[in-house]
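Undergrad:
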Amino acid sequence: MEALEKGSVYTAVIDGYSSEGLGIARVNGAVVFVPHAVRGEEIDLRITKVMKTSCAGEIVKIHDPSPERMEPECPYAGKCGGCAYRHLTYPEELWAKRQRVQDALTRIGGLELTVEEILGAKNPEHYRNKSQYPVGADGSIGFFQARTHKVVPIRRCLIQTEAADRTAQAVGEWMRRYKISAYDETTGKGLVRHVCVRVNRKGESLCCVVVNGNKVPREPELAAYVTAAVPHTVGVLLNSNTRRGNVVLGDKYRTLFGRNYLMDTLCGLEFKLSMPSFYQVNRDQAEVLYGKALEFAGLTGNETVLDLYCGIGTITLCLAKAAKRVIGAEIVPPAIRDAKENALRNHIENAEFFCGDAADIAAKLESDGLRPDVVTVDPPRKGLAPEVIASVAAMGPEKVVYVSCDPATLGRDVKIFREFGYEAKRAAAVDMFPGTAHVETVCLLSKLNAKQHIEVDIHMDELDLTDAEKKATYSEIKEYVLEHTGLKVSSLYIAQVKQKCGIIERENYNKPKSDDAKQPQCPPDKEKAIKEALKHFGMI
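Under our numbering, the letters of the sequence shown match residues 1 to 540, in that order.
Laid out in structure tokens, this is it:
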């Protein structure tokens with residue numbers, strides 16, 4: 001096999017897409033990732049980076065453009081890292097996302113299960129009801145360039161609402177007018193870090209400015225600038241975040257104008273939204289997603305349902321309309337307060353809520369003897385902690401409805417669920433984030449008959465996680481390193497690098513079994529790649 005050379009040009013056909021939306025070509029047996037490529041196109045590509053098992057490339061010439069290729073309407077396409085599919089027709093984007101889910105369930109989950117459908121959006125533009133604009137050290141407000149923390153200034157985004165964009169621009173004008181400094185993440189100096197905006201169905205908005213401190217100069221003028229630009233603003237908040245790192249919101253809020261919450265309607269119910277509360281960013285598609293979750297749950301009105309990662313109670317209260325009793329659990333205290341208020345507001349009396357970590361709540365309810373008929377989970381991108389899966393399985397529900405925003409962690413988790421006696425029966429994808437590479441999935445898992453239970457080999461590095469490791473599993477770190485550098489790294493090497501970075505492993509983790517045994521040490525190139533992955537997942 002002839003090795004590919006950086007700078008050389010090769011002819012190849014694009015045969016699919018990566019999880020980040022890059023085109024995939026195969027040249028001389030090597031995988032080449034090509035931005036802005038379309039499946040089926042024959043192209044000339046130039047190698048821009050050579051890695052151990054893959055390469056990065058760029059398009060030099062398209063011999064036969066695909067009918068699925070389109071000219072991006074967004075002027076920031078290729079610069080901003082927010083949207084990966086602006087060069088595709090919407091049907092092709094949906095194909096790519098459905099295939100991503102299928103590949104994850106088949107290759108990672110080991111399932112022989114067909115993704116039934118992908119439910120596309122009727123309105124694939126201006127759908128986001130929550131926007132987070134990073135502020136660059138030079139005062140630029142926009143979005144990060146792909147795989148960097150360089151802010152691309154943006155005035156009008158095709159997936160944000162006009163009210164959100166105008167709010168961000170108003171904050172920028174206030175900063176320039178009164179010479180308010182921007183936060184510089186390299187030095188930890190400066191004030192304004194992010195501008196966050198929520199917008200409801202009626203067009204009302206809630207603005208939150210995140211600052212590196214407890215106050216900023218000219219606070220009344222900030223509120224005035226925002227409300228003048230967006231008259232339907234119901235509140236302007238100041239959030240204090242003095243921590244280094246990529247976490248957007250701090251814990252302290254102060255109201256500069258109006259109120260600190262927004263009201264919205266979803267699935268015929270009314271919800272109160274605090275700024276930190278989780279709420280699906282695409283309202284219309286959230287109703288499609290929840291409808292599919294309810295279909296998979298198959299409730300008759302006699303069931304007890306446990307909803308983990310319930311947020312402000314959106315899925316929980318939708319389930320309550322079709323179940324006998326529902327219990328919601330969430331770790332964010334303001335979200336639980338909102339959930340309880342939302343139950344009262346919507347006259348729902350068969351719902352109760354608990355605040356705490358999903359693993360702790362699940363373990364407590366299991367030890368208390370709760371035996372739900374259905375468990376629903378809607379975890380963050382990192383998926384479920386193994387102890388959550390174990391506690392859910394110990395309760396013995398007939399069904400688990402898993403709502404996932406990351407196909408890879410879904411594939412990993414359904415494989416672990418099978419070890420505990422649950423098999424994936426149905427799966428459907430929902431396009432919550434048109435234009436981007438993200439996709440939601442609803443998966444139904446059913447309890448296996450004991451006689452049909454098949455054991456599946458699960459690596460311990462997927463099951464045995466410390467608190468620090470919960471941000472990313474060993475498998476996720478390996479996948480990230482392979483995709484971005486082409487290097488294959490072992491769990492041992494990851495553990496060694498974590499220890500060097502101060503991430504404490506449990507005693508005896510990956511130690512040799514005998515005192516005189518020798519362990520291979522992580523090579524410098526792999527150590528560098530692993531550290532980049534740890535930075536990406538916010539672990540260092």
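Backbone N, C-alpha and C define an ideal beta-carbon position, used for all residues, glycine too.
Thinking C-alpha only, which one of R155, D368 and K498 is nearest G142?
TA: Closest by alpha carbon: R155.
Undergrad: Is it true that the segment 299-319 meets the segment 246-257, where meeting means three or more beta-carbon pairs spaced less than 8 Å apart?
TA: No: fewer than three Cβ pairs fall under 8 Å.
Undergrad: Would a C-beta distance cut-off of 7 Å place A428 and E117 closer than the cut-off?
TA: yes
Undergrad: DSSP three-state label for K150, please.
TA: coil
Undergrad: Is it true that the CB of I336 sits closer than 7 Å to the CB of C318?
TA: no
Undergrad: One question on the structure: do A359 and E398 come within less than 7 Å of each other, judged by their Cβ atoms?
TA: no
Undergrad: Using the three-state DSSP reduction, which class does N123 fall into: helix, strand or coil?
TA: coil
Undergrad: What residue ranges within the segment 205-290 form continuous alpha helix (DSSP H) runs of no fewer than 4 residues, ordered along the chain?
TA: When DSSP assignments are scanned along the segment 205-290, the uninterrupted stretches of alpha helix (DSSP H) that are 4 or more residues long and fall wholly within it turn out to be 219-229.
Undergrad: Using the C-alpha atoms, what's the distance from L308 back to V115?
TA: About 24 Å.
Undergrad: Between the alpha carbons of P134 and G40, how many angstroms are there, rounded?
TA: 36 Å
Undergrad: When DSSP builds the beta bridges, which residues end up paired with F143?
TA: V152
Undergrad: At what residues does the alpha helix (DSSP H) containing R98 begin and finish?
TA: Y90 to D103
Undergrad: By DSSP, does L22 sit in helix, in strand, or in coil?
TA: Secondary structure at L22: coil, using DSSP grouped into helix, strand and coil.
Undergrad: Mind checking which residues open and close the beta strand (DSSP E) that includes S475?
TA: No beta strand (DSSP E) contains S475, which is instead part of the alpha helix (DSSP H) from Y474 to T485.
Undergrad: Only counting the same chain, and skipping five residues up and downstream in sequence, which positions put a Cβ closer than 6 Å to that of I43?
TA: I59 and I62
Undergrad: Run the CB neighbour count on N212, radius 10 Å, all protein chains shown included, and call it buried at 16 or more, exposed below.
TA: buried
Undergrad: On the premise that A229 lies in contact with G203, defined as a C-beta separation below 8 Å, what is that separation, rounded to the nearest angstrom?
TA: Rounded, the Cβ-Cβ distance is 14 Å, inconsistent with contact.
Undergrad: Go ahead and pull the three-state DSSP assignment for T106.
TA: helix
Undergrad: Assign Q160 to buried or exposed, taking buried as 16 or more other Cβ atoms, counted over all protein chains shown, within 10 Å of its Cβ.
TA: Buried, because 16 or more other Cβ atoms sit within 10 Å of the Cβ of Q160.
Undergrad: If I follow the unbroken beta strand (DSSP E) through G16, where does it start and stop?
TA: V9 to Y17
Undergrad: Roughly how many whole angstroms lie between the Cα atoms of A56 and A343?
TA: 51 Å
Undergrad: Along the chain, where does the alpha helix (DSSP H) that runs through R166 open and close?
TA: Start and end: E162 to R177.
Undergrad: So what's H536 in DSSP terms, helix, strand or just coil?
TA: helix
Undergrad: Does the segment 287-295 come close enough to the segment 413-424 that 3 or more CB-CB pairs lie under 8 Å?
TA: no
Undergrad: Any chance the segment 403-423 sits against the segment 379-393, with 3 or more Cβ pairs inside 8 Å?
TA: Result yes; three or more Cβ-Cβ pairs closer than 8 Å.
Undergrad: Kindly confirm or deny that the segment 70-84 and the segment 101-114 touch, where touching means at least three C-beta pairs closer than 8 Å.
TA: no
Undergrad: Which first and last residues belong to the beta strand (DSSP E) in which V38 is found?
TA: Where V38 is concerned, there is no enclosing beta strand (DSSP E), given that its DSSP letter is neither H nor E.
Undergrad: In its own chain, which residues sit with a C-beta less than 6 Å from the C-beta of M460, not counting the 5 before and 5 after it?
TA: In this prediction, M460 has a pLDDT of 39, which is less than 50 and means its spatial position is unreliable; what the coordinates show is noted afterwards. Excluding residues within five positions, none has a Cβ falling inside 6 Å.
Undergrad: Tell me where the beta strand (DSSP E) around E440 begins and ends.
TA: If you look at E440, you'll find it in the beta strand (DSSP E) that goes E440 to K447.
Undergrad: Which residue or residues does DSSP assign as beta-bridge partners of E330?
TA: C355
Undergrad: Say whether the segment 478-491 touches the segment 441-448, bearing in mind that this needs 3 or more beta-carbon pairs closer than 8 Å, one atom from each stretch.
TA: no
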